[in-house]
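As given, the protein sequences belong to chains S and D, one line each in that order. Take -11 as the starting number for the first sequence in my numbering and just add one per residue. Take 2 as the starting number for the second sequence in my numbering and just add one per residue. Idealized CB from N, CA, C, for every residue including glycine.
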Amino acid sequence: MKTSDHRDPPGQSVKILVAGGFGAGKTTLIGAISEITPLRTEERLSQLSTTVDDLAGTPDKDTTTVAMDFGRITFGTDVLMLFGTPGQDRFWFMWPDLVEGAKGAIVLVDTRRLEASFPALDFFEEKGVPYIVAVNCFHRRQDFNRSQIAAALKTVDEDDVVMIDARERASVRDALLAVLDRAISRSRAATTA
Amino acid sequence: MASHRGVRPFTWTAPRLAAPSAEDGRRITMQTLIRTTAPPDRLASVPEKWQTVLRLADRPTGIAVAEIAANLRLKLTPTAALVAELENRALVTHQGLVGDNGPDTELLLRIRTGLENL
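Set out below in structure tokens:
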């Protein structure tokens, strides 16, 4: 193996977002495949676009701290980075840096609260970020099939719905492969355009 | 609490991670990989917090700004500012300086192959 030369540039990174409501399993998913224990990274955002009642009882009315999970997998000098979005949509939707440079996204949905994923789906659609919908099925059990879930999500194609167990590495890997396939198609289309 | 008055660091909706640059590719983001370029003998002469970053980033792939932030227990914006300072002093280099913002199909394909072989 080549000795690391200190003048060499670092590797290249690919950023994938993991979105989903509180308790949908984002941290679990990242932890299942990351080579490091997921880290918690914070940023401070202003609350300009939140409504007055959101601020009730908040000691600092100007800013709020958002936290995301970070995990990575290294392949040679390439690094796949996973960023778990903060639990509350209204905070990360006004965080342009979070979505900037993202090559794709996984939207984790809980079939008991499908509507909770609508804002994230609309957001990625609007930002042009390729995404898949991952339905977390503990022990591979799910009462609905992909077609039913796609129909319930309205704008989503059945092919973009994958059934996963967020605790299983192989299952999470397959979901990431599905996201990468969409990112690769997007990149190829941009190259030939 | 009162110490914040008049010293509000961020008054915009979402802070940019570093001063916006004309060459946007040079911008330091949460996913930017940072790599130490300083020879090990320079470590002793820099502040402790910088040393931590230089140790974290002393690997061929480099380390993400998000990961440095988590390790230092700093928020992203001050972490990016710290990294920019280290870059100014030629202690680190980063992905944005490589200037590779072209089509990334090859990179995505390599990552895909890596994942498949996991």
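With 16 other CB atoms within 10 Å as the buried threshold, where does residue i fall?
i      : result
S/V6   : buried
S/L17  : buried
S/D66  : buried
S/A177 : exposed
S/R100 : exposed
S/D131 : exposed
D/R74  : exposed
At the level of alpha carbons, what is the spacing between residue i and residue j?
i      : j      : result
D/D1   : D/T37  : Given that chain D is displayed from residue 2 to residue 119, the structure contains no residue 1 of chain D and the question cannot be resolved.
S/G64  : S/T179 : 25 angstroms
D/L119 : S/D50  : 45 angstroms
S/V117 : S/S173 : 12 angstroms
D/D59  : S/F10  : 36 angstroms
S/D29  : D/E49  : The sequence as given places Thr at residue 29 of chain S; Asp does not occur at that position. Roughly 21 angstroms between the two C-alpha positions.
D/P41  : S/V149 : 49 angstroms
S/D162 : D/Q96  : 28 angstroms
D/L92  : D/A45  : 13 angstroms
S/F112 : S/R78  : 14 angstroms
S/G19  : S/E156 : 10 angstroms
S/A139 : S/A158 : 27 angstroms
Give a yes or no on whether the C-beta atoms belonging to residue i and residue j are separated by under 8 angstroms.
i      : j       : result
D/P61  : S/G(-1) : yes
D/L108 : S/L165  : no
S/L33  : S/M82   : yes
S/G72  : D/T30   : no
D/E88  : S/L27   : no
S/G92  : S/L168  : yes
S/I4   : S/R60   : no
S/V97  : S/V123  : yes
D/A65  : D/T94   : no
S/R134 : S/M151  : yes
S/V87  : S/L109  : no
S/P74  : S/A55   : yes
D/N72  : D/L57   : yes
Quick check: does the Cβ of residue i come within less than 7 angstroms of any heavy atom belonging to the ligand GDP?
i     : result
S/T25 : Only the bare structure without any ligand can be found here, which leaves the ligand GDP out of the picture.
Since residue i sits in a beta bridge, which residues does DSSP pair it with?
i      : result
S/I61  : S/L68
S/A108 : According to DSSP, S/A108 bridges with nothing at all.
S/Q0   : S/D66
S/I152 : S/N124
S/V97  : S/V123
D/I64  : D/I35
S/R28  : S/D57
S/A90  : S/K3
D/T94  : D/R36
S/T52  : S/L33
Considering Cα atoms alone, identify which of the options is closest to residue i.
i      : options                       : result
S/D147 : S/R155, S/I137, S/G64, S/R28  : S/I137
S/D57  : S/I120, S/S22, S/P107, S/V160 : S/S22
D/A39  : D/V66, D/V54, D/T114          : D/V54
S/P107 : S/C125, S/W80, S/I152, S/A122 : S/W80
S/A154 : S/A171, S/E113, S/V87, S/V121 : S/V121
S/Q76  : S/A158, S/A171, S/T53         : S/T53
S/E114 : S/A104, S/A139, S/P84, S/C125 : S/P84
D/A70  : D/R43, D/I35, D/R111, D/L110  : D/I35
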